[in-house]
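K.L.:
So the sequence lines, in the order shown, correspond to chains R, S, C and Y.
In terms of our numbering, the first sequence has 114 at position 114, counting the first letter as 1, and numbering is strictly consecutive.
Count along the second sequence from 1, then add 195; that gives the number in our numbering.
Count along the third sequence from 1, then add 390; that gives the number in our numbering.
Count along the fourth sequence from 1, then add 585; that gives the number in our numbering.
Virtual Cβ for every residue (Gly too), placed ideally from N, Cα, C.
In this text, all values refer to a predicted model and were calculated from it rather than measured experimentally.
Quick one: structure below, then a few questions.
There are 4 protein chains.
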Amino acid sequence: MPKLGMEPIRRSALVEATISEIGERGTLDVTVSQIAKRAGMSSGLAHHYFGSKEQMFAAAMRHILTLYGAEVRGALAMAKSPRERIEAIIRASFGVAQFRPEMVSAWLNFYVQAQKSEDARRLLHIYQRRVRSNLHHAFRQIAGEEALTLTRGLAAMIDGLYIRQALRADLMSPGAAVDVLMHYLDTSLAKSTPR
Amino acid sequence: MPKLGMEPIRRSALVEATISEIGERGTLDVTVSQIAKRAGMSSGLAHHYFGSKEQMFAAAMRHILTLYGAEVRGALAMAKSPRERIEAIIRASFGVAQFRPEMVSAWLNFYVQAQKSEDARRLLHIYQRRVRSNLHHAFRQIAGEEALTLTRGLAAMIDGLYIRQALRADLMSPGAAVDVLMHYLDTSLAKSTPR
Amino acid sequence: MPKLGMEPIRRSALVEATISEIGERGTLDVTVSQIAKRAGMSSGLAHHYFGSKEQMFAAAMRHILTLYGAEVRGALAMAKSPRERIEAIIRASFGVAQFRPEMVSAWLNFYVQAQKSEDARRLLHIYQRRVRSNLHHAFRQIAGEEALTLTRGLAAMIDGLYIRQALRADLMSPGAAVDVLMHYLDTSLAKSTPR
Amino acid sequence: MPKLGMEPIRRSALVEATISEIGERGTLDVTVSQIAKRAGMSSGLAHHYFGSKEQMFAAAMRHILTLYGAEVRGALAMAKSPRERIEAIIRASFGVAQFRPEMVSAWLNFYVQAQKSEDARRLLHIYQRRVRSNLHHAFRQIAGEEALTLTRGLAAMIDGLYIRQALRADLMSPGAAVDVLMHYLDTSLAKSTPR
DNA sequence: AATGAATGAGCCTTCATTCAT
DNA sequence: AATGAATGAAGGCTCATTCAT
């Protein structure tokens, strides 16, 4: 009998190696061999488990989004007010797990790939829409008719801060990013709420 | 008989073809032949003028940044107050020339490439720093110690709104994007500097 | 505990799966895995029993030829005259067992492989020579000096009718093929030996 | 300016190299590199001109069939009676150009490929039907109701003699093959024509 | 006996780049 | 100046074969 149950182990190793390799090099131009080597196996085996490079990429993207989704869900579970729900999303977006340069870089690359790949785009939209919907819902309860504008503004600011990280320029700690967002939240809600 | 002055014409045609091709396909994975064909010449000639694909990309990126820089400079020239200077930058960022999907898409792709290419990164930073510095300077005059936070927030929001355009999702007109930014500006300055 | 006597069962299953797979796909471009799967086992086991793909093919070819040889031998055993011996070979060649599309297709593929593989060629020749010799012997008794020509003609016609079956074009029933051959036999012998 | 008009030269060289390579090795398992090398160029160039291996094979097959078709047409043009038309087809099939071992072997391999490839099958059928129809037409004029049987028999015999050549066994000169066929023609028509 | 894991060689194909004309 | 010819390196993918269990 061969070693049993290697499949989940191998798949997982490949997914992580894919993210690391893409993140480190800062591009989707990585070869299957590079990824396989980093995951400690031959390129043939990588194909055995994933069928194609494209499917490996898809699995890696799904993994990143799943992690993010879990982080958001976890944070939302503890929020007790609309305001706390918004803050939960902000904090989840900049949690240590998400804000690692390598992770951010891989994310950005998949983000760009979504322009070209229908699959990637669909996947991305599902998560974006979910977060956006949460934000909008919360804002509607506390910001009235300005909800849409605030949702758009906050979401854009999150993306902007997040993505800038990938450039490794203007380096900001997660905390600093959260501060910027909180400041936006404070001032915009202060105006909405009559003094 | 050599046609005199062909060089600038050819180079310009190639730069524009590069941007169009990348923008249309949504990826840097375009071939020199595709670009050359779109520019109405052979791939050999493209190499003759640019030496390498990488240099063609660099020229295209420089072109985009130059256009943007000119737009910003033009807008700044007419601004008469710090607040107007900030608004000028916002409007320049979402002027029709910059906000064309094809342009945005090409920009995003170069943005990502900056992670990998030292040259691209340097180029990008020069322009980013210039704009950032303008913003910061203006905010310092009207927002005091919150200037840094506001600069970061506004810059991030610009990037976020801009880049989202590339995904062709959550489509927003330039006007809507400017509205979101203006709203941010209003609320955050209202708090700092009661009118 | 090892099941005793599995070897012949496994080998036989693989040989039949090889023929079916090749016959169905119409090409020798089948993988060991496909064959093993059809035979209900892993590819590793197929190698365990045959050592290599080539040897599996050889066994399959040998199997086809053995079946054909048995069919011919059985038919010859009942023949009582030269003419009947020739007819026996004709009928054996187009017996239901031999004329199945799948079988014909596999045969044709091995036929072609004989150009490349010394082993396959040798195997094929042994059987061809045997049949040819039987035909020639019979013809010599009833067609005199035209025996060689008739042998060649009849053998070629058998091959031609047989092989055309593989193309699944100009479909002819076994009976129709036999009719054509019998007609040839009738006319050519009528001339040689007026009844 | 580059060397002009290389395309037809290169394509032709590749088609001939394809036939030679397949014919010599006796199998379609030849690599593009082998073919390109034999044709005196790089594999990249072969792809440049044909796009894919499959299309190279198709061109080679078409070439063989075109040559054969031309040979048949030429021979038919000079025939003055039904009998002569039949003989023309026989002679064309075994003309020196067609009967070269290498040519025969390549033909056989394409013949087999027609089982798998729809394109190859279609191509082959077009030529087969044309020849078959010529034969049938001629036989109807001189053999009455036995025309179909004779057409089938003769066509099968041609195929059988031709294909056997590929095995390089039972080697027969073109002349000998023609003799066998002529003998069939003589005897079968002698019977049809009342003595 | 039997399996799934694992490797690595080899093939098709693409493409930046160079070159002869 | 300009072109199409030409190369060759590199990558994705397949698959026969081997191996540990």
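(1) For Ile548/C, would you say it is in contact with chain Y, using Cβ-to-Cβ distances shorter than 8 Å as the test?
(2) Could you check the C-alpha separation between Arg132/R and Glu71/R for me, to the nearest Å?
(3) Are Ala754/Y and His526/C touching if we call contact CB-CB under 8 Å?
(4) Tell me the rounded alpha-carbon separation between Met251/S and Thr344/S.
(5) So, helix, strand or coil for Ser368/S, using DSSP?
(6) Residues of chain R with a CB under 8 Å from the CB of Thr344/S: which are they?
(7) Measure the Cβ-Cβ separation of Ser690/Y and Gly611/Y and say whether it is below 8 Å.
(8) Which residues bound the alpha helix (DSSP H) around Leu154/R?
(9) Cα separation between Arg428/C and Glu406/C?
(10) Determine, using beta carbons only, whether Leu557/C comes closer than 8 Å to chain Y.
(11) One question on the structure: do Gln360/S and Pro296/S come within less than 8 Å of each other, judged by their Cβ atoms?
(12) By Cβ distance, which residues of its chain are closer than 7 Å to Gln34/R, with the 5 residues on each side in sequence left out?
(13) CA-CA distance, Ser93/R and Gly235/S?
(14) Using a Cβ cut-off of 8 Å (strictly closer), state whether Thr213/S contacts chain R.
(15) Three or more C-beta pairs closer than 8 Å, one from the stretch 735 to 748 of chain Y and one from the stretch 537 to 551 of chain C: is that the case here?
(16) According to DSSP, is Arg268/S helix, strand or coil?
(17) Please work out which residues of its chain come closer than 8 Å, Cβ to Cβ, to Thr187/R, disregarding the five sequence neighbours upstream and downstream, and give them in chain order.
(18) If you reduce the DSSP assignment to three classes, tell me which class Met431/C lands in.
(19) Helix, strand or coil for Phe484/C? Go by DSSP, reduced to three states.
(20) With a threshold of 16 other CB atoms inside 10 Å of the CB of Gly218/S, please say whether the residue is buried or exposed.
(21) Quick check on Ala487/C: buried or exposed, where buried means 16 or more other Cβ atoms within 10 Å of its Cβ?
(22) Using a cut-off of 7 Å between C-beta atoms, extract the partners of Leu551/C located in chain Y.
(23) Return the residue from the list Phe110/R, Tyr184/R, Arg122/R and Val180/R that minimises the CA-CA distance to Asp29/R.
(24) Would you say Leu557/C and Arg706/Y are within 8 Å of each other, going by their C-beta atoms?
(25) Closest to Leu630/Y by C-alpha separation, out of Asn719/Y, Phe724/Y, Leu599/Y and Gly680/Y, would be which residue?
(26) Tell me which residues share the same chain as Pro779/Y and place their Cβ nearer than 8 Å to its Cβ, disregarding the 5 neighbours each side in the sequence.
(27) By the criterion of Cβ-Cβ separation under 9 Å, what are the contact partners of Gln700/Y in chain C?
(28) Does Thr736/Y pass the burial test, meaning 16 or more other C-beta atoms within 10 Å, or should it be called exposed?
(29) Between Ala385/S and the ligand MN, is there a pair consisting of the residue's CB and a ligand heavy atom that are separated by less than 7 Å?
(30) Note down, in chain order, every chain C residue with its Cβ under 7 Å from the Cβ of His710/Y.
(31) For a test of the three-state rule: what should DSSP assign to Val225/S, helix, strand or coil?
(32) Going by C-alpha to C-alpha distance, which of Ile64/R, Gly175/R, Ile86/R and His183/R sits closest to Ala138/R?
(33) Do Ile285/S and Thr376/S come within 8 Å of each other at the CB atom, strictly closer than that value?
(34) In chain order, what residues of the same chain have a beta carbon less than 6 Å from the beta carbon of Phe245/S, not counting five sequence neighbours either side?
(35) So, is the C-beta of Ser578/C closer than 8 Å to a C-beta in chain Y?
P.N.:
So, from the listed chains and residues:
(1) Here residue 548/C is taken as the residue at index 158 of the third sequence, counted from 1. Ile548/C counts as touching chain Y.
(2) Here residue 132/R corresponds to residue number 132 of the first sequence, with the count starting at 1. Here residue 71/R corresponds to residue number 71 of the first sequence, with the count starting at 1. Taking the straight line from one Cα to the other gives about 15 Å.
(3) Translated into positions along the fourth sequence, residue 754/Y becomes position 169. Translated into positions along the third sequence, residue 526/C becomes position 136. Their beta carbons are not under 8 Å apart, which means Ala754/Y does not touch His526/C by this criterion.
(4) Position 56 of the second sequence holds residue 251/S. Position 149 of the second sequence holds residue 344/S. Straight-line Cα distance between these residues: approximately 37 Å.
(5) Numbered from 1 along the second sequence, position 173 holds the residue referred to as residue 368/S. It is coil, neither helix nor strand.
(6) Counting from 1 along the second sequence, the entry for residue 344/S is found at position 149. Under the 8 Å cutoff, chain R gives Asp179, Val180 and His183.
(7) As a first step, residue 690/Y is located in the fourth sequence; it is residue number 105 there, counting from the start. As a first step, residue 611/Y is located in the fourth sequence; it is residue number 26 there, counting from the start. Against a cut-off of 8 Å, the Cβ pair of Gly611/Y and Ser690/Y comes out as a contact.
(8) On the first sequence, position 154 is the one that residue 154/R refers to. Looking at the DSSP string, the run of the alpha helix (DSSP H) that includes Leu154/R is Ala147 to Ala166.
(9) Locating residue 428/C in the third sequence gives position 38, counting from the first residue. Locating residue 406/C in the third sequence gives position 16, counting from the first residue. The alpha-carbon atoms of Arg428/C and Glu406/C are separated by roughly 9 Å.
(10) Within the third sequence, the letter at position 167 stands for residue 557/C. Yes, Leu557/C counts as interfacial toward chain Y.
(11) Against the second sequence, residue 360/S aligns to sequence position 165. Against the second sequence, residue 296/S aligns to sequence position 101. For Gln360/S and Pro296/S, yes; Cβs fall inside 8 Å.
(12) The sequence position of residue 34/R within the first sequence is 34, counting from 1. Excluding residues within five positions, the ones whose Cβ falls inside 7 Å are Glu21.
(13) Taking the first sequence and counting its residues from 1, the one referred to as residue 93/R is at position 93. Taking the second sequence and counting its residues from 1, the one referred to as residue 235/S is at position 40. Approximately 46 Å, taken between the alpha carbons.
(14) Residue 213/S sits at position 18 when you count from the first residue of the second sequence. It does not: the Cβ of Thr213/S has no partner Cβ on chain R nearer than 8 Å.
(15) yes
(16) What you label residue 268/S is simply residue 73 of the second sequence in a count that begins at 1. Helix, per DSSP.
(17) One-based indexing of the first sequence puts residue 187/R at position 187. Counting only Cβ-Cβ distances below 8 Å, and skipping sequence neighbours, we find nothing.
(18) Here residue 431/C corresponds to residue number 41 of the third sequence, with the count starting at 1. Residue state, collapsed to three classes: coil.
(19) Residue mapping note: residue 484/C aligns to position 94 of the third sequence, counting from 1. Coil at Phe484/C, not helix or strand.
(20) Along the second sequence, one-based indexing puts residue 218/S at 23. Label assigned to Gly218/S: buried.
(21) Counted from its first residue, the third sequence places residue 487/C at position 97. When all chains shown are included, Ala487/C counts as exposed.
(22) Position 161 of the third sequence, counting from 1, holds the residue named residue 551/C. Per Cβ cutoff of 7 Å: Ala741.
(23) Sequence index remark: in the first sequence, residue 29/R carries index 29 (1-based). Per the Cα distances, Phe110/R.
(24) Here residue 557/C is taken as the residue at index 167 of the third sequence, counted from 1. Here residue 706/Y is taken as the residue at index 121 of the fourth sequence, counted from 1. Yes; because the gap between Cβ atoms is below 8 Å, this pair is in contact.
(25) Here residue 630/Y corresponds to residue number 45 of the fourth sequence, with the count starting at 1. Nearest C-alpha to Leu630/Y: Leu599/Y.
(26) Here the question's residue 779/Y lines up with position 194 in the fourth sequence. Any reading at Pro779/Y must be qualified, since the residue scores a pLDDT of 41, below 50, and its modelled position is unreliable; the value itself is stated next. Excluding residues within five positions, none has a Cβ falling inside 8 Å.
(27) Residue mapping note: residue 700/Y aligns to position 115 of the fourth sequence, counting from 1. Here the neighbours are Arg415, Gly416, Thr417, Ser495, Leu498, Asn499, Ala556, Leu557 and Arg558.
(28) Within the fourth sequence, numbered from 1, the residue matching residue 736/Y stands at position 151. With 16 or more other Cβ atoms within 10 Å, it is buried.
(29) As for the ligand MN, it is missing from this structure, which has no ligand bound.
(30) Your numbering for residue 710/Y matches position 125 in the fourth sequence. By Cβ distance, chain C contributes Ala559.
(31) To locate residue 225/S, count along the second sequence from 1; it is residue 30. Reduced to three states, the DSSP call for Val225/S is coil.
(32) Looking up residue 138/R in the first sequence gives position 138. Among Ile64/R, Gly175/R, Ile86/R and His183/R, the Cα nearest to that of Ala138/R is on Ile86/R.
(33) If you number the second sequence from 1, residue 376/S lands on position 181. If you number the second sequence from 1, residue 285/S lands on position 90. Strictly speaking, residue 376/S in this sequence is Leu, with Thr absent from that position. Their beta carbons are under 8 Å apart, which means Leu376/S touches Ile285/S by this criterion.
(34) Walking along the second sequence from the start, residue 245/S turns up at place 50. Around Phe245/S: Met251.
(35) Numbered from its first residue, the third sequence carries residue 578/C at position 188. It does: the Cβ of Ser578/C has a partner Cβ on chain Y nearer than 8 Å.
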